[in-house]
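Engineer: Chains G and L, in that order, give the protein sequences. Sequential numbering of the first sequence, starting at 30, is according to the numbering used here. Sequential numbering of the second sequence, starting at 355, is according to the numbering used here. Here a beta-carbon is modelled for each residue, glycine too, at the ideal position from N, C-alpha and C.
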Amino acid sequence: MNTAVTKKRFVFLYLAIACFLGILLIFVFDGYVGTRLSLTMDNGRYPQTIESVMWENERYPGYYSLSAERTDMMNFTLSLENRRFSSFSEPVHVFLRDNAGNETGLLQETLSAGAFGSSELSWNIRTSDLFPGDYPESTQLVTNIIMQIGSYEGTVKLFVYNPATVIPRPVVIEE
Amino acid sequence: MKAEYILFGFGALLSVAGVAYLAAEFVQYLSDWGKMGALLLTVGLFSFLGKYFERSGM
Chain G
30 MNTAVTKKRF
40 VFLYLAIACF
50 LGILLIFVFD
60 GYVGTRLSLT
70 MDNGRYPQTI
80 ESVMWENERY
90 PGYYSLSAER
100 TDMMNFTLSL
110 ENRRFSSFSE
120 PVHVFLRDNA
130 GNETGLLQET
140 LSAGAFGSSE
150 LSWNIRTSDL
160 FPGDYPESTQ
170 LVTNIIMQIG
180 SYEGTVKLFV
190 YNPATVIPRP
200 VVIEE
Chain L
355 MKAEYILFGF
365 GALLSVAGVA
375 YLAAEFVQYL
385 SDWGKMGALL
395 LTVGLFSFLG
405 KYFERSGM
C-alpha cells in the first residue's frame, strides 16, 4: 500500500514536469520558430527599427513614421531571420505613394533565405528627389513608403521638412 | 543561518530571475493561443506541484 501511495504521489510530480516541458515547447515552437522581419530606417541622424512583432499585431496596429530633412539621404534595410525548417522566398515590392495616390517604384526584388538562414534588402531615398521643382520651401512634404512582402503590406509615413522653418533664428539683442 | 543555505537561496533567486527575464523576452512573440496554452500549463504546473507536496506531507 505504501508503494501504491508513493507511486500516486509521484504521478503528480511527473504531471508537473510534463506541464513545465509543455511550456518550454510552446516558447520554442510558438515564440522562437517562425520568420522575423525587421525594418531599420536611418535618416543619417538616428536609426529606427520596427520589429515584425509590432507589424503583425493586428489587435493594436501601429502607426509608423519617420522624419527627415530636405537634404537627407535615408537608408532602409529590410532584414529577414528565417527560423523555420523550410526555406523562405517572397517577392518584395517597395514604392512611394503620396496623398494624391501617385506611386514611384523604389525596389522590386525577391527576399529569400534557407532554413534557419537570414537575408537583407536595402534601398536608399534621397529626400531632395521627392520634391517637385515648385514646392514651397516652408511646406512639409508627406508621403507613404509602402512595402509589399508576399501578401503582407506595411506602410511607413515619411515627413520631410525644411529645418530652416522649424528652428527659430536666434534673436540678436543690440546694446 | 548556514552560509550554504544563503548561497542556495541566492542561486535559486538568480535562476528564477534569469528564467523570468528570458520568458518576458519571448512572450511578446507568442500567438494568443500560445499565451493561453502557456497560462493553462502554468496553472496546471503549480496545481500538480501543490498536490505533490500535499501528498508528501509538507
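T100 of chain G lies in the beta strand (DSSP E); which residues open and close that run?
Structural biologist: Sequence index remark: in the first sequence, residue 100 of chain G carries index 71 (1-based). Taken as a continuous stretch (DSSP letters only), T100 of chain G belongs to no beta strand (DSSP E), as it is neither H nor E.
Engineer: For a contact meaning CB atoms closer than 7 Å, what does K405 of chain L contact in chain G?
Structural biologist: Here the question's residue 405 of chain L lines up with position 51 in the second sequence. In chain order: F41.
Engineer: Looking at the C-beta of G372 of chain L, does it have a partner C-beta in chain G at a distance below 8 Å?
Structural biologist: As a position in the second sequence, residue 372 of chain L is number 18, starting the count at 1. Chain G contact via Cβ: absent.
Engineer: Counting only the same chain and skipping the five closest in sequence on each side, list residues whose C-beta sits under 6 Å from that of T191 of chain G.
Structural biologist: Numbered from its first residue, the first sequence carries residue 191 of chain G at position 162. A quick correction: the sequence has Asn, not Thr, at residue 191 of chain G. R99, E166, listed in sequence order.
Engineer: Near R155 of chain G, what residues of its chain come up, given a Cβ to Cβ distance below 7 Å and the 5 sequence neighbours on each side ignored?
Structural biologist: Translated into the one-based positions of the first sequence, residue 155 of chain G becomes position 126. Cβ within range, chain order: M102.
Engineer: Looking at the strands, I want to know which residues DSSP matches up with T139 of chain G.
Structural biologist: Numbered from its first residue, the first sequence carries residue 139 of chain G at position 110. G:P120, per the DSSP bridge assignment.
Engineer: At least one CB of chain L closer than 8 Å to the CB of F145 of chain G: is that the case?
Structural biologist: Along the first sequence, read from residue 1 onward, the residue named residue 145 of chain G stands at position 116. No, no contact with chain L.
Engineer: Which chain L residues are close to F49 of chain G, counting only those with a beta carbon under 7 Å from its beta carbon?
Structural biologist: Here residue 49 of chain G is taken as the residue at index 20 of the first sequence, counted from 1. Chain L residues near F49 of chain G: L399.
Engineer: Report the rounded CA-to-CA distance for L159 of chain G versus I52 of chain G, giving the unit in angstroms.
Structural biologist: Taking the first residue of the first sequence as position 1, residue 159 of chain G is located at position 130. Taking the first residue of the first sequence as position 1, residue 52 of chain G is located at position 23. L159 of chain G and I52 of chain G: Cα-Cα distance of roughly 50 Å.
Engineer: Beta carbon of S141 of chain G, beta carbon of S108 of chain G: below 8 Å?
Structural biologist: For the purposes of this step, residue 141 of chain G is taken as residue 112 along the first sequence, with counting starting at 1. For the purposes of this step, residue 108 of chain G is taken as residue 79 along the first sequence, with counting starting at 1. Not in contact: S141 of chain G and S108 of chain G (Cβ atoms no closer than 8 Å).
Engineer: Could you tell me if V57 of chain G is buried or exposed, where buried requires 16 or more neighbouring beta carbons within 10 angstroms of its beta carbon?
Structural biologist: In the first sequence, the residue the question calls residue 57 of chain G occupies position 28. V57 of chain G comes out exposed.
Engineer: Which first and last residues belong to the alpha helix (DSSP H) in which E379 of chain L is found?
Structural biologist: Residue numbering aside, residue 379 of chain L sits at position 25 when the second sequence is read from its first letter. Where E379 of chain L is concerned, the enclosing alpha helix (DSSP H) stretches over 357-381.
Engineer: Compute the beta-carbon to beta-carbon distance between F105 of chain G and L54 of chain G, rounded to the nearest angstrom, for a pair I have assumed lies under 8 Å.
Structural biologist: As a working mapping, residue 105 of chain G is identified with position 76 in the first sequence. As a working mapping, residue 54 of chain G is identified with position 25 in the first sequence. Wrong, their Cβ atoms sit about 36 Å apart, outside the cutoff.
Engineer: Classify G404 of chain L: buried if its beta carbon has 16 or more other beta carbons within 10 angstroms, exposed otherwise.
Structural biologist: Here the question's residue 404 of chain L lines up with position 50 in the second sequence. When all chains shown are included, G404 of chain L counts as exposed.
Engineer: With distances taken Cα to Cα, identify the nearest neighbour of T172 of chain G among G:N131, G:V121, G:P120.
Structural biologist: Your numbering for residue 172 of chain G matches position 143 in the first sequence. Of the listed residues, the one whose Cα sits closest to T172 of chain G is G:N131.
Engineer: How about Y375 of chain L: is its C-beta nearer than 8 Å to some C-beta of chain G?
Structural biologist: Taking the first residue of the second sequence as 1, we reach residue 375 of chain L at position 21. Not closer than 8 Å to any Cβ of chain G, the Cβ of Y375 of chain L fails to qualify, so no.
Engineer: If I measure Cβ to Cβ from S147 of chain G and keep anything under 8 Å in the same chain, skipping five residues before and after, which residues do I get?
Structural biologist: Here residue 147 of chain G corresponds to residue number 118 of the first sequence, with the count starting at 1. Around S147 of chain G: S108, L109, E110, N111.
Engineer: With C-beta atoms as the reference, is A144 of chain G less than 8 Å away from S180 of chain G?
Structural biologist: To locate residue 144 of chain G, count along the first sequence from 1; it is residue 115. To locate residue 180 of chain G, count along the first sequence from 1; it is residue 151. Not a contact, by the Cβ cut-off of 8 Å.
Engineer: Need the endpoints of the beta strand (DSSP E) that D71 of chain G sits in, please.
Structural biologist: The residue given as residue 71 of chain G occupies position 42 in the first sequence. Segment 63-71, the beta strand (DSSP E) holding D71 of chain G.
Engineer: Return yes when the Cβ of L187 of chain G is within less than 8 Å of the Cβ of I174 of chain G, no when it is not.
Structural biologist: For the purposes of this step, residue 174 of chain G is taken as the residue at position 145 of the first sequence. For the purposes of this step, residue 187 of chain G is taken as the residue at position 158 of the first sequence. Taking 8 Å as the Cβ cut-off, I174 of chain G and L187 of chain G qualify as a contacting pair.
Engineer: For M176 of chain G, write down the residues that DSSP places opposite it in a beta bridge.
Structural biologist: For the purposes of this step, residue 176 of chain G is taken as the residue at position 147 of the first sequence. G:V123, G:G183.
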